[in-house]
Amino acid sequence: MTIESTNKKQAIMTGCRTSAAKPNPFISVNIHLTRVCNFGCKFCFHGASMGVAKRPDVPLLKKTINILAAAGCRKLNFSGGEPSLFLAELLTLIRHAKQQGIPIVSVISNGSKLTPAWLREAAPALDILGLSLHSADASTCETMGFRPKHGKGAAYDVAAHARELAAACKAMGIAVKVNTVITSANQGEQMAALVEELGASRWKAFEMLPLEGERAAEATTLVPTRADFEDFISRQGSPVLIPETNEVMRDSYVIIDEGGRFIDSSGNRKVVASPRIVDVGIQEAFEAVCFDQTAFIMRDGLYTKTASAFSLKRHSALD
Numbered sequence: 001m002t003i004e005s006t007n008k009k010q011a012i013m014t015g016c017r018t019s020a021a022k023p024n025p026f027i028s029v030n031i032h033l034t035r036v037c038n039f040g041c042k043f044c045f046h047g048a049s050m051g052v053a054k055r056p057d058v059p060l061l062k063k064t065i066n067i068l069a070a071a072g073c074r075k076l077n078f079s080g081g082e083p084s085l086f087l088a089e090l091l092t093l094i095r096h097a098k099q100q101g102i103p104i105v106s107v108i109s110n111g112s113k114l115t116p117a118w119l120r121e122a123a124p125a126l127d128i129l130g131l132s133l134h135s136a137d138a139s140t141c142e143t144m145g146f147r148p149k150h151g152k153g154a155a156y157d158v159a160a161h162a163r164e165l166a167a168a169c170k171a172m173g174i175a176v177k178v179n180t181v182i183t184s185a186n187q188g189e190q191m192a193a194l195v196e197e198l199g200a201s202r203w204k205a206f207e208m209l210p211l212e213g214e215r216a217a218e219a220t221t222l223v224p225t226r227a228d229f230e231d232f233i234s235r236q237g238s239p240v241l242i243p244e245t246n247e248v249m250r251d252s253y254v255i256i257d258e259g260g261r262f263i264d265s266s267g268n269r270k271v272v273a274s275p276r277i278v279d280v281g282i283q284e285a286f287e288a289v290c291f292d293q294t295a296f297i298m299r300d301g302l303y304t305k306t307a308s309a310f311s312l313k314r315h316s317a318l319d
């Protein structure tokens with residue numbers, strides 16, 4: 001999808017819940033397993049105001065997953081924060097989601113805490129590993145804060161570790177996806193060759209979305225112009241690249257926090273908007289958030305463009 005076509009389609013949108021054909025909004029859901037992260041990305045919408053470190057409530061999230069499965073969820077993604085900070089809990093929840101019959105289970109991670117050994121354990125239940133990869137250049141990573149806050153720091157080679165994880169995924173039949181946030185610091189990079197080397201079946205390039213109250217002072221210096229974003233997209237020439245402008249991104253994701261509550265991102269803020277799903281039911285809880293069905297379809301939320309790449313048939317490595 002080109003930026004131009006995205007903008008044209010955006011013009012026909014009518015509000016939070018559009019009048020277009022409405023697929024089940026729970027077909028694709030994101031659970032933010034934690035709000036904490038071991039990286040210090042200055043553009044991230046999970047800043048200091050978003051919560052404190054605590055272990056995921058596995059029993060609560062299992063019940064929430066049961067409700068999602070009954071509501072027709074077909075793709076469940078675990079993200080954060082950084083979900084791999086809690087590898088045991090993450091593995092338990094991945095397996096539980098698959099046991100509940102959810103066809104596609106995925107994880108979005110910076111990869112720093114993941115190992116081939118853990119992926120081997122997760123492989124029977126994990127369909128997609130999404131790697132956050134915003135630059136392969138050390139100085140650019142430093143500028144954006146895209147490196148561990150402690151320990152390895154600037155010496156950490158994000159691209160090398162991504163290659164190791166991608167190779168393990170290929171051997172185990174796990175599809176690889178790449179997520180890149182485009183900022184003023186990395187907008188001049190050419191990343192398509194690296195993405196192709198990783199064997200990614202899908203590459204999401206997000207226009208940086210500034211949110212009020214979330215690292216606002218740091219983030220302001222990294223906001224790209226729309227022209228810079230469009231230029232990045234046009235230079236890549238990747239057949240698996242799917243760009244997302246701020247307009248398409250906002251309100252088009254169904255997000256649940258670590259407390260089993262829906263998060264709303266309308267009005268340039270991300271706030272907990274609903275009671276716990278287990279307390280009031282999924283429909284009543286969902287009424288508290290703004291969700292744009294048209295934008296969801298526009299960004300290929302149904303995976304119509306890449307369905308073959310994420311076939312539910314597992315590779316021979318898992319047979």
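The opening residue of the sequence shown carries number 1 in full-length UniProt numbering; numbering runs sequentially from there.
The C-beta atom is built at its ideal place from N, Cα and C for all residues, glycine as well.
Separation of residue j from residue i, as counted between CA atoms
{"i": "HIS32", "j": "GLU164", "result": "25 Å"}
{"i": "SER106", "j": "ASN24", "result": "19 Å"}
{"i": "SER132", "j": "ILE277", "result": "28 Å"}
{"i": "THR245", "j": "GLU258", "result": "26 Å"}
{"i": "THR294", "j": "GLU287", "result": "17 Å"}
{"i": "PRO124", "j": "THR225", "result": "42 Å"}
{"i": "LYS204", "j": "ALA175", "result": "14 Å"}
{"i": "PHE43", "j": "PRO210", "result": "7 Å"}
{"i": "ASP231", "j": "ASN110", "result": "25 Å"}
{"i": "GLY301", "j": "ARG202", "result": "12 Å"}
{"i": "ALA138", "j": "PRO148", "result": "12 Å"}
{"i": "ALA307", "j": "PHE296", "result": "Caution applies to ALA307, whose pLDDT of 45 falls short of 50 and renders its modelled position unreliable; the value that the coordinates give is listed next. Between ALA307 and PHE296, the C-alpha separation is close to 16 Å."}
{"i": "ASN66", "j": "PRO239", "result": "36 Å"}
{"i": "ALA167", "j": "LEU198", "result": "7 Å"}
{"i": "GLU189", "j": "PHE262", "result": "35 Å"}
{"i": "ASP57", "j": "PHE78", "result": "14 Å"}
{"i": "ASP228", "j": "PRO243", "result": "13 Å"}
{"i": "LEU87", "j": "ILE108", "result": "13 Å"}
{"i": "THR180", "j": "ILE27", "result": "23 Å"}
{"i": "VAL289", "j": "ASP264", "result": "5 Å"}
{"i": "ILE282", "j": "LEU126", "result": "25 Å"}
{"i": "ILE104", "j": "ILE94", "result": "10 Å"}
Integer Cβ distance of residue i from residue j, believed to fall under 8 Å
{"i": "LEU76", "j": "VAL29", "result": "6 Å"}
{"i": "VAL223", "j": "SER184", "result": "6 Å"}
{"i": "PHE39", "j": "PHE146", "result": "6 Å"}
{"i": "GLY72", "j": "VAL36", "result": "So it is not a contact: roughly 31 Å between Cβ atoms."}
Per-residue burial, residue i [other beta carbons within 10 Å of its own, 16 or more giving buried]
{"i": "ARG299", "result": "buried"}
{"i": "THR120", "result": "The sequence as given places Arg at residue 120; Thr does not occur at that position. Counting Cβ neighbours within 10 Å, ARG120 comes out exposed, since fewer than 16 surround it."}
{"i": "THR220", "result": "exposed"}
{"i": "LYS177", "result": "buried"}
{"i": "ASP292", "result": "buried"}
{"i": "SER234", "result": "exposed"}
{"i": "VAL279", "result": "Contrary to the premise, residue 279 reads as Asp rather than Val in this sequence. Classification of ASP279: exposed, given that the 10 Å Cβ count is below 16."}
{"i": "HIS96", "result": "buried"}
{"i": "ARG55", "result": "exposed"}
{"i": "GLN187", "result": "buried"}
{"i": "MET50", "result": "With a pLDDT of 46 at MET50, under the threshold of 50, the modelled position of that residue is not reliable, and the figure given next carries that caveat. Counting Cβ neighbours within 10 Å, MET50 comes out buried, since at least 16 surround it."}
{"i": "ALA122", "result": "buried"}
Within-7 Å CB hit, residue i to chain C
{"i": "CYS44", "result": "No chain C is present in this structure, which holds just one protein chain."}
Bridge partner(s) assigned by DSSP for residue i
{"i": "LEU241", "result": "TRP203"}
{"i": "PHE262", "result": "ILE256"}
{"i": "PRO148", "result": "PHE39"}
{"i": "ILE182", "result": "GLU207"}
{"i": "ALA175", "result": "ILE128"}
{"i": "ARG299", "result": "In DSSP, ARG299 forms no bridge with anything."}
{"i": "ARG276", "result": "ARG261"}
Query raised in the report: In chain order, which beta strand (DSSP E) runs of at least 3 residues are fully inside the region 23–109?
Result: Counting only runs of at least 3 residues, the region 23–109 fully encloses the following beta strand (DSSP E) elements, listed from N- to C-terminal order: 28–32, 75–79, 104–109.
Query raised in the report: Going along the chain, which unbroken runs of the alpha helix (DSSP H) with 4 or more residues stay wholly within the region 116–141?
Result: If you keep only unbroken alpha helix (DSSP H) runs of at least 4 residues inside the region 116–141, you get 116–122.
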